[in-house]
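Right, one structure below, let's go through it.
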Amino acid sequence: MFPTNFAWGAATSAYQIEGGWDVDDKGPSIWDTFCHEGGRLVFEGQSGDVTCNSYELWEEDLRCIRQLGLTHYRLSLSWSRLLPEGITRHVNQKGLRYYNKVINDLLASDVLPMVTLYHFDLPQALQDQGGWKSPEIAAIFDSYACFCFESFGDRVKLWITLNEPYVCAKLGHEDGIFAPGVKEPGMAAYLVGHNMLRGHARAWHSYNVLYRAKQGGSVSLAINSDWAEPLDPASPDDTAATERYLAFTLGWFAWPLFVTGDYPEVMRSSIEVRSKELGYQEGSRLPRFSKDEPSLLGTADFFALNYYTSRRVKPGECCPGLLGLKSDRDAEGVVDPSWPVCGVSWLAVVPDGLRKLLKYIKDTFNNPAVYITENGFSQVGPVDMEDVQRCGFYHDIIQEVARALREDGVDVRGYFAWSLLDNFEWADGFSVRFGLFHVDFSRPKRPRTAYRSGREYAGIISKYRSQTMVNI
Ligand code: GBH
């Protein structure tokens with residue numbers, strides 16, 4: 001059913017699980033600042049100060065990883081734990097030691113690490129200099145990336161530079177509901193997305209020139225996208241809106257890497273049309289890539305996809321008179337009434353949307369190798385250790401991955417469940433649980449206990465792995 005070397009994984013991110021926010025010389029990140037600011041930014045004023053305390057309890061995480069029988073584990077590095085000021089002048093040796101232990105322990109357990117360099121947690125020192133809005137950030141990210149390739153690249157062969165630039169750009173700099181809490185609709189998000197792409201491209205080129213020959217790994221950028229289809233498939237307006245919807249999420253970051261080295265044409269033209277309507281005169285709000293910088297095209301060694309949900313799409317009805325990403329996009333996603341919604345309101349459960357999105361990626365981006373770097377199902381409200389709905393979800397979604405592989409010929413290389421552990425779910429704090437393991441945040445030792453879905457995922461992995469063994 002699955003190729004022998006298929007990656008069976010689970011994922012986490014540093015700020016969501018580590019805690020230890022100011023121990024051992026770690027510098028603050030924008031999420032430390034955002035959570036400590038008070039107000040109603042995060043559910044009940046919670047923070048990632050301690051969360052799963054994986055900084056102290058890594059060996060407990062390793063036990064969970066082994067219990068699941070994972071072949072791969074996706075984690076992220078805390079930039080400000082390694083480089084407290086964000087730059088390589090000052091290296092925190094204890095941070096280095098921590099990640100070296102994590103990586104070595106994984107390898108000793110026959111689990112391969114996939115390492116994300118950046119998952120939403122910019123060092124505060126860099127935010128103070130303008131953060132992702134500043135053009136200089138691309139070179140600073142590149143030197144951080146090189147530091148990581150140099151330090152860990154002898155053992156890490158799968159790299160993600162940036163997780164979900166869309167989320168950093170839109171939620172962090174347009175809606176202001178994620179750190180750094182900037183609300184500059186229709187302006188900052190495009191600039192931030194642009195600088196993230198520039199930083200990614202530099203890091204990929206550095207890896208390519210300086211490390212690839214001796215380390216032999218692969219580097220990509222994790223792109224989140226809903227699957228989208230027209231609300232009424234017979235309506236040309238809905239069909240055009242769907243094209244814009246995909247262009248403004250998946251296309252925004254995938255077109256530069258896989259198709260043209262530039263943003264999708266429909267994204268450029270929509271932004272220009274809206275700018276004209278609003279009498280906005282100062283040139284395009286969507287920056288242009290400079291010919292003097294390394295090209296974006298070809299700077300992904302595989303397609304890294306974070307898929308959670310799907311939408312039916314129609315033309316937008318939101319605020320046509322306002323400057324903003326939604327009004328530029330002019331497309332509205334709605335949840336089909338037949339789709340169950342799990343936990344959080346945005347998460348309509350649509351497993352076959354993943355298959356359709358994978359087929360779309362194969363056809364649009366020239367049949368890349370694909371890792372599904374995140375996918376999951378959340379729980380809200382009283383804890384249910386016998387989470388049968390989530391069990392059903394994992395069975396269904398893995399069937400869809402199998403169909404994409406076998407029937408549609410998509411080159412899927414791996415699947416990472418989000419998440420190994422219940423953790424700090426950003427603005428939703430601890431109110432939303434995505435873990436395969438339950439974490440009791442009320443107890444100092446933060447005990448981890450497998451949900452039924454954790455046990456079933458372990459069963460699925462062991463079943464498919466034994467089948468692939470038989471195949472050889
Ligand atoms: C992932 O993003 C993140 O990488 C991960 O850290 C996180 O824990 C996981 O999702 C679960 O949420 O609030 O209505 O504005 C997934 C992509 C895009 C999904 C933004 C939620 C917010 C919708 N996310 N979206 S809304």
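In terms of the UniProt record's numbering, the sequence shown opens at residue 1 and continues consecutively. Note that the Cβ used here is the ideal one computed from N, Cα and C, for glycine as well.
Looking at the secondary structure, which residues open and close the alpha helix (DSSP H) in which residue i lies?
i: Ala427; result: Segment: none, Ala427 is in no alpha helix (DSSP H) and carries neither H nor E.
i: Thr242; result: 236 to 246
i: Ala179; result: Premise fails: Ala179 is in no alpha helix (DSSP H) and is neither H nor E.
i: Thr364; result: 351 to 364
i: Pro165; result: 165 to 173
i: Ala213; result: 212 to 215
i: Trp31; result: 30 to 36
i: Asn104; result: 93 to 108
i: Val388; result: 388 to 406
i: Ile140; result: 137 to 152
i: Glu14; result: In the sequence under discussion, the amino acid at residue 14 is Ala, which differs from the Glu named in the question. Its alpha helix (DSSP H) spans residues 14 to 17.
Please find out if some non-hydrogen atom of ligand 1 comes closer than 8 Å to the beta-carbon of residue i.
i: Phe120; result: yes
i: Glu456; result: no
i: Trp227; result: no
i: Ile30; result: no
i: Gly16; result: Correcting the residue type first, residue 16 is Gln in the shown sequence and not Gly. Answer for Gln16: yes, Cβ within range of ligand 1.
i: Asp175; result: yes
i: Tyr166; result: yes
i: Phe152; result: no
i: Tyr308; result: yes
i: Arg171; result: Checking the sequence, you will find Leu at residue 171 rather than Arg. Because some heavy atom of ligand 1 lies under 8 Å away, the Cβ of Leu171 counts as near it: yes.
i: Glu425; result: yes
i: Gly376; result: yes
i: Phe437; result: no
i: Trp346; result: yes
i: Val432; result: yes
i: Ser13; result: yes
i: Ser419; result: yes
i: Asn163; result: yes
Give the straight-line distance between the Cα atoms of residue i and residue j, rounded to the nearest whole angstrom.
i: Leu117; j: Arg355; result: 28 Å
i: Ala402; j: Cys391; result: 17 Å
i: Asp328; j: Arg274; result: 6 Å
i: Thr12; j: Ser76; result: 7 Å
i: Lys291; j: Leu250; result: 24 Å
i: Val111; j: Asp61; result: 13 Å
i: Thr88; j: Phe120; result: 19 Å
i: Phe253; j: Arg406; result: 27 Å
i: Glu18; j: Met187; result: 33 Å
i: residue 540; j: Thr373; result: Because the chain in this structure spans residues 1 to 472, residue 540 falls outside the shown range and cannot be described.
i: Thr33; j: Gly181; result: 10 Å
i: Asp363; j: Val410; result: 9 Å
i: Ser109; j: Gly343; result: 34 Å
i: Asn423; j: His200; result: 27 Å
i: Arg81; j: Gln124; result: 11 Å
Kindly give me the distance between the Cβ atoms of residue i and residue j, rounded to whole angstroms, as I take these residues to be in contact under 8 Å.
i: Asp25; j: Pro113; result: Contact doesn't hold; Cβ gap of about 23 Å is too wide.
i: Phe258; j: Tyr371; result: The pair is not a contact, with the Cβ atoms about 14 Å apart (cut-off 8 Å).
i: Leu221; j: Ala304; result: 6 Å
i: Phe178; j: Trp426; result: 6 Å
i: Leu10; j: Leu436; result: One point to set straight first is that residue 10 is Ala, not Leu, in the sequence displayed. About 6 Å; that satisfies the 8 Å criterion.
i: Ser431; j: Val380; result: 6 Å
i: Gly153; j: Gln215; result: 4 Å
i: Leu122; j: Ser235; result: 41 Å between Cβ atoms; not a contact.
i: Asp263; j: Pro256; result: Going by the sequence as given, residue 263 is Tyr instead of Asp. That belief holds up - the Cβ atoms of Tyr263 and Pro256 are roughly 6 Å apart, short of 8 Å.
In terms of residues, what are the limits of the beta strand (DSSP E) holding residue i?
i: Ile372; result: 370 to 374
i: Thr116; result: 112 to 118
i: His194; result: Not the beta strand (DSSP E): His194 falls in the alpha helix (DSSP H), residues 188 to 206.
i: Ser310; result: 310 to 315
i: Val412; result: 412 to 418
i: Leu75; result: 72 to 76
Could you tell me whether any non-hydrogen atom of ligand 3 is closer than 8 Å to the CB of residue i?
i: Gly186; result: Ligands present in the displayed structure are limited to ligand 1, and ligand 3 is not among them.
Within 10 angstroms of its Cβ, does residue i collect 16 or more other Cβ (buried), or is it exposed?
i: Trp346; result: exposed
i: Asn104; result: exposed
i: Leu322; result: exposed
i: His194; result: buried
i: Ser295; result: exposed
i: Met385; result: exposed
i: Asn375; result: buried
i: Ala203; result: buried
i: Pro314; result: Checking the displayed sequence, the identity of residue 314 turns out to be Lys instead of Pro. Classification of Lys314: buried, given that the 10 Å Cβ count is 16 or more.
i: Pro447; result: exposed
i: Pro382; result: exposed
i: Leu107; result: exposed
i: residue 482; result: Nothing can be reported for residue 482: it is not among the residues displayed for the chain, which extend from 1 to 472.
i: Glu456; result: buried
i: Ala138; result: buried
i: Lys170; result: buried
i: Pro337; result: exposed
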